[in-house]
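Asker: Chains as they are written, first to last, in our numbering: chain A, 1 to 359; chain B, 1001 to 1359. Note that the Cβ used here is the ideal one computed from N, Cα and C, for glycine as well. All of these numbers come straight from a predicted model, not from anything done at the bench.
2 protein chains.
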Amino acid sequence: MLRAGRGPVERFRERYGLVAALVEYEDKRQGRRGASSLDALTALVADDLECVNRLIVERMHSPVALIPQLAGHIVAAGGKRLRPMLTLGAARLCGYRGVRHHHLAASVEFIHTATLLHDDVVDESALRRGLATANSVWGNKPSVLVGDFLFSRAFKLMVEDGSLKVLDILSSASAVIAEGEVHQLVTSNDLDTSEDDYLQVIRAKTAALFAAAARIGAVVADRAQAEEDALGRFGLNLGISFQLIDDALDYAASQAALGKTVGDDFREGKITLPVILAFRRGSAEERQFWRRTLETLDQHDDDLGRAQGLLERYGALTETVERARHYGTLAKDALGIFPDGPERRALVEAAQFAVERAY
Amino acid sequence: MLRAGRGPVERFRERYGLVAALVEYEDKRQGRRGASSLDALTALVADDLECVNRLIVERMHSPVALIPQLAGHIVAAGGKRLRPMLTLGAARLCGYRGVRHHHLAASVEFIHTATLLHDDVVDESALRRGLATANSVWGNKPSVLVGDFLFSRAFKLMVEDGSLKVLDILSSASAVIAEGEVHQLVTSNDLDTSEDDYLQVIRAKTAALFAAAARIGAVVADRAQAEEDALGRFGLNLGISFQLIDDALDYAASQAALGKTVGDDFREGKITLPVILAFRRGSAEERQFWRRTLETLDQHDDDLGRAQGLLERYGALTETVERARHYGTLAKDALGIFPDGPERRALVEAAQFAVERAY
């Protein structure tokens, strides 16, 4: 099996740099300012997030010691807590001042964590955010079951909150996520997957939970349908751009920054937008290369490097980033109905971060 | 790897017959009548169950074709629909005459089906109810994800019903089930597992869903707490006896009748009550045998036959059946607060069936 050759990846970085470099280049070319971060949103919801983190630790408890061990491993691996922060930030934007959103944000993070555990089993991943995945430490079996446990606990948190509307939004999102994951599995190794198919997959497997996370911020604040819908659109478009960048980074990021193995998607034969674009634009011989490596998974040492070279030749990464920027703009515009202020600015910057991040 | 030697199993059946034969023998000895079935309950809820089955087919639909294919495979493999029938029967016993219980019974079956899909992945099983398991046909990946899908759909069905109390009962049960599954995984291959540990595992992984299924029958009929609790106890004890018999059958049933491979638990090194009893009562040399086969999984062709012989020598299967009968009696007695009538008699017979079944 092909391993992430340090050579080609490094060579690629020297030649083309990170996606971040692409973004910076595009920004300079078009006179835009880059270097966004999650700092504003993080500062805005810092106290709430602390409560959410406490709740997360509390609710992953079980007398069966392996459960908090394994769940703690993946939750502590940290991640950005982007989804619960969207719930908290959206609630703030809607003027909510209670504590109900803590339960709901924890519930969102549990659903996300359960999905990660099952994803890593399905993808046979070894690294997640720079740490060994739970399945590589404890095996697949407890990862599947602890995922189920966290998923059930997510629903218990919602039930305690008592809003049927929230339960409806998050149970629907969960079903859509699972549907998207199966859809992705079916399109794996199939280069005839269209850009539309791809978009449908990432809307479902990634963006649906971002949309739900932001939407329930409005629900908890009991705001009008128009504002709820606006936050739903904000989350959905942010989620799409987040996943587009993820798929670009999988061919471009440095392993240390991304915290996952570079070239994972390539090795698994996942059909992501960069590949779809390069395949469509490639010569007959290049298409043969893609079919051999991604459809029959017949991969050799230099193949990842060649793939990265082809993506570069056809501007596939730059264009994926441009698509991400498009959805990022839609996300920001969706917030237009809310008054300007620190809350809206923090969320707008989060959408920008989803596009410009290098990790 | 050891395969189910047809020889030893057949020899064992010739010598000792099925668990059913054990039960029959005990019945005769103690002057009890055997030969119970699910017929009365099946007849009582036949129309409702048809609605539930339609709902199940409808709600497993997805534009991603693999989902209904795979879900249909496991749902159609049929099984006894015992859990949803408990919900329907309990609702009838409580005088309920509406249609809400259809949604809830379908939800219970979806939770059960999701659990089965994940169980078969965890246990690496090849057969379920006489059919190839989904994981052996489609692989582990879609089985994990379709399980998640069904689980989410189960919650959507509950949300549509709109009872927070039902949502609480079933989300709690789901968390307990996952906890029990992890607990079972941890006690696998550990012969120092006590009978108490074992009981805790089967209460959680199996009996909790039976308890919830019966309990929500009272909730939907809006009955007093005492009746809700009585049905919960009925389901719990029925579930315990059901699992005890399952564990006895794993060493005794004919493959055709049970619809799963005989000796699965043995091959996986699962520590079930028959083994716990035989191990405790065995000689030092016999304990070595159990440790070699179940802890280090060093198994040879004749080992299953020898295990069955040891279970017989120490009366471990007969005694497991006797334990099951004890819990079956508790289940029946729990219904004592309800007036006699066809509904109660049907449920009592279901509890008896859980003990006396040979499949």
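DSSP three-state call for B/Leu1131: helix, strand or coil?
Answerer: For the purposes of this step, residue 1131 of chain B is taken as residue 131 along the second sequence, with counting starting at 1. In the structure shown, B/Leu1131 sits in a strand (DSSP, three-state: E or B).
Asker: I'd like to know whether the C-beta of A/Glu179 is nearer than 8 Å to at least one C-beta of chain B.
Answerer: Indexing the first sequence from 1 puts residue 179 of chain A at position 179. Yes, contact with chain B.
Asker: Give the DSSP-derived three-state secondary structure of A/Thr187 in the structure shown.
Answerer: Translated into positions along the first sequence, residue 187 of chain A becomes position 187. Note: A/Thr187 maps to helix in three-state DSSP.
Asker: Check for me: the alpha helix (DSSP H) holding B/Pro1142 runs from which residue to which?
Answerer: For this step, residue 1142 of chain B is matched to residue 142 along the second sequence. Its alpha helix (DSSP H) spans residues Asn1140 to Asp1161.
Asker: Here's the rule I'm using: 16 or more other beta-carbon atoms within 10 Å means buried, otherwise exposed. How should B/Thr1296 be labelled?
Answerer: Here residue 1296 of chain B corresponds to residue number 296 of the second sequence, with the count starting at 1. Exposed, by the Cβ-count rule.
Asker: Where does the unbroken alpha helix (DSSP H) through A/Arg344 begin, and where does it stop?
Answerer: Stepping through the first sequence from its first residue, residue 344 of chain A is reached at position 344. Segment Pro342 to Glu356, the alpha helix (DSSP H) holding A/Arg344.
Asker: For chain A, check one thing: does any of its Cβ atoms lie closer than 8 Å to the Cβ of B/Ser1107?
Answerer: Here the question's residue 1107 of chain B lines up with position 107 in the second sequence. So no, B/Ser1107 is outside the interface.
Asker: Run through the segment 1185-1250 of chain B for me and flag every whole alpha helix (DSSP H) of 4 or more residues, listed as ranges in chain order.
Answerer: With a minimum length of 4 residues, the continuous alpha helix (DSSP H) runs that stay inside the segment 1185-1250 of chain B are 1195-1202 and 1208-1220.
Asker: With 7 Å as the limit, tell me which residues of the segment 1127-1148 of chain B have their beta carbon closer than that to any beta carbon of chain A; keep them in chain order.
Answerer: Listed in sequence order: Lys1141, Pro1142, Val1144, Leu1145, Val1146 and Asp1148.
Asker: Taking only the alpha-carbon atoms, compute the straight-line gap between B/Ser1107 and A/Ala346 and give it to the nearest angstrom.
Answerer: Locating residue 1107 of chain B in the second sequence gives position 107, where the first residue counts as 1. Locating residue 346 of chain A in the first sequence gives position 346, where the first residue counts as 1. Using only the alpha carbons, I get a separation of about 40 Å.
Asker: Less than 8 Å between CB atoms is the rule here; does A/Leu199 satisfy it with respect to chain B?
Answerer: In the first sequence, counting from the first residue as 1, residue 199 of chain A sits at position 199. False, the Cβ-Cβ gap to chain B never drops below 8 Å.
Asker: Following the continuous alpha helix (DSSP H) through B/Ala1105, name the residue where it begins and the one where it ends.
Answerer: Within the second sequence, the letter at position 105 stands for residue 1105 of chain B. Unbroken alpha helix (DSSP H) run through B/Ala1105: Arg1100 to Asp1123.
Asker: For the alpha helix (DSSP H) holding B/Cys1051, just list the boundary residues, first then last.
Answerer: For the purposes of this step, residue 1051 of chain B is taken as residue 51 along the second sequence, with counting starting at 1. Unbroken alpha helix (DSSP H) run through B/Cys1051: Ala1046 to Arg1059.
Asker: Output yes if chain B places a C-beta closer than 8 Å to the C-beta of A/Ile202; else output no.
Answerer: Looking up residue 202 of chain A in the first sequence gives position 202. Not one chain B Cβ lies under 8 Å of A/Ile202.
Asker: What residue range is occupied by the uninterrupted alpha helix (DSSP H) comprising A/Val321?
Answerer: Reading the first sequence from its first residue, position 321 is the one you call residue 321 of chain A. Ala316 to Ala334 is the extent of the alpha helix (DSSP H) around A/Val321.
Asker: What whole-angstrom Cβ distance do B/Phe1110 and B/Leu1157 have, given they're in contact under 8 Å?
Answerer: The count along the second sequence starts at 1 and reaches residue 1110 of chain B at position 110. The count along the second sequence starts at 1 and reaches residue 1157 of chain B at position 157. So it is a contact: roughly 7 Å between Cβ atoms.
Asker: Does DSSP classify A/Lys270 as helix, strand or coil?
Answerer: For the purposes of this step, residue 270 of chain A is identified with residue 270 of the first sequence, where counting begins at 1. Correct three-state label for A/Lys270: coil.
Asker: Is B/Phe1110 close to chain A? Criterion is C-beta to C-beta, closer than 8 Å.
Answerer: Locating residue 1110 of chain B in the second sequence gives position 110, counting from the first residue. By this cut-off, B/Phe1110 is not an interface position.
Asker: What residue range is occupied by the uninterrupted alpha helix (DSSP H) comprising A/Leu311?
Answerer: Working through the first sequence from its first residue, we reach residue 311 of chain A at position 311. Element bounds for A/Leu311: Asp303 to Arg313.
Asker: Would you call the segment 1202-1218 of chain B and the segment 1085-1101 of chain B touching, i.e. three or more CB-CB distances under 8 Å?
Answerer: Yes, since at least three Cβ pairs between the segment 1202-1218 of chain B and the segment 1085-1101 of chain B fall closer than 8 Å, the two stretches touch.
Asker: Taking just the CA atoms, how far does A/Arg357 sit from A/Gly341?
Answerer: Taking the first residue of the first sequence as position 1, residue 341 of chain A is located at position 341. Taking the first residue of the first sequence as position 1, residue 357 of chain A is located at position 357. Near 23 Å, if we compare the C-alpha coordinates of A/Arg357 and A/Gly341.
Asker: Of all Cβ atoms in chain B, is any one closer than 8 Å to the Cβ of A/Lys156?
Answerer: If you number the first sequence from 1, residue 156 of chain A lands on position 156. For A/Lys156, the answer is yes, since a Cβ of chain B falls inside 8 Å of its Cβ.
Asker: Using a threshold of 8 Å, state whether the C-beta atoms of B/Phe1234 and B/Ala1331 are closer than that.
Answerer: The residue given as residue 1234 of chain B occupies position 234 in the second sequence. The residue given as residue 1331 of chain B occupies position 331 in the second sequence. For B/Phe1234 and B/Ala1331, yes; Cβs fall inside 8 Å.
Asker: 8 Å is my cut-off, CB to CB: does A/Val220 come that close to chain B?
Answerer: Counted from its first residue, the first sequence places residue 220 of chain A at position 220. Cβ-Cβ to chain B under 8 Å: no for A/Val220.
Asker: Where does the unbroken alpha helix (DSSP H) through B/Leu1082 begin, and where does it stop?
Answerer: Walking along the second sequence from the start, residue 1082 of chain B turns up at place 82. It spans Leu1082 to Leu1093 - the alpha helix (DSSP H) in which B/Leu1082 sits, taken as one unbroken run.
Asker: Which bits of chain B does A/Ser171 rub up against, with CB to CB less than 7 Å?
Answerer: For the purposes of this step, residue 171 of chain A is identified with residue 171 of the first sequence, where counting begins at 1. Correct list: Ser1152, Phe1155, Lys1156 and Val1159.
Asker: Residues in the same chain with beta-carbon distance under 6 Å from B/Phe1361, minus the five sequence neighbours each way, listed in chain order, please.
Answerer: For residue 1361 of chain B there is no data in the structure shown, the boundaries of chain B being 1001 and 1359.
Asker: Looking only at its chain, what residues have a beta carbon closer than 7 Å to the beta carbon of A/Arg292, apart from the 5 residues adjacent to it on each side?
Answerer: Residue 292 of chain A sits at position 292 when you count from the first residue of the first sequence. Excluding sequence neighbours, A/Arg292 sits near Asp298.
Asker: Output needed for A/Glu343: all residues of its chain with C-beta closer than 6 Å, excluding positions within five of it in sequence on either side, in chain order.
Answerer: Numbered from its first residue, the first sequence carries residue 343 of chain A at position 343. Hits under 6 Å: Arg92 and Leu93.
Asker: Determine the burial state of B/Val1182: buried for a count of at least 16 other Cβ atoms within 10 Å of its Cβ, exposed for fewer.
Answerer: Walking along the second sequence from the start, residue 1182 of chain B turns up at place 182. B/Val1182 should be labelled buried.
Asker: What residue range is occupied by the uninterrupted alpha helix (DSSP H) comprising A/Ala284?
Answerer: Here residue 284 of chain A refers to the residue found at position 284 of the first sequence. Start and end: Ala284 to Trp290.
Asker: If we ignore side chains and look at the alpha-carbon of each, how far apart do A/Ala230 and A/Ala324 end up?
Answerer: In the first sequence, residue 230 of chain A corresponds to position 230, counting from 1. In the first sequence, residue 324 of chain A corresponds to position 324, counting from 1. Their Cα atoms are separated by approximately 19 Å.
Asker: Against chain A, does B/Val1182 count as a neighbour if the rule is that its beta carbon must be under 8 Å from one of theirs?
Answerer: Taking the second sequence and counting its residues from 1, the one referred to as residue 1182 of chain B is at position 182. At least one chain A Cβ lies under 8 Å of B/Val1182.
Asker: Nearest to B/His1102 by CA position, among B/Val1052, B/Asp1197, B/Val1057 and B/Arg1223, is which residue?
Answerer: What you label residue 1102 of chain B is simply residue 102 of the second sequence in a count that begins at 1. Here the closest residue by C-alpha is B/Val1052.
Asker: Let me confirm a value: B/Ala1046 is counted as buried when at least 16 other C-beta atoms fall within 10 Å, else exposed. Which label applies?
Answerer: Working through the second sequence from its first residue, we reach residue 1046 of chain B at position 46. With fewer than 16 other Cβ atoms within 10 Å, it is exposed.
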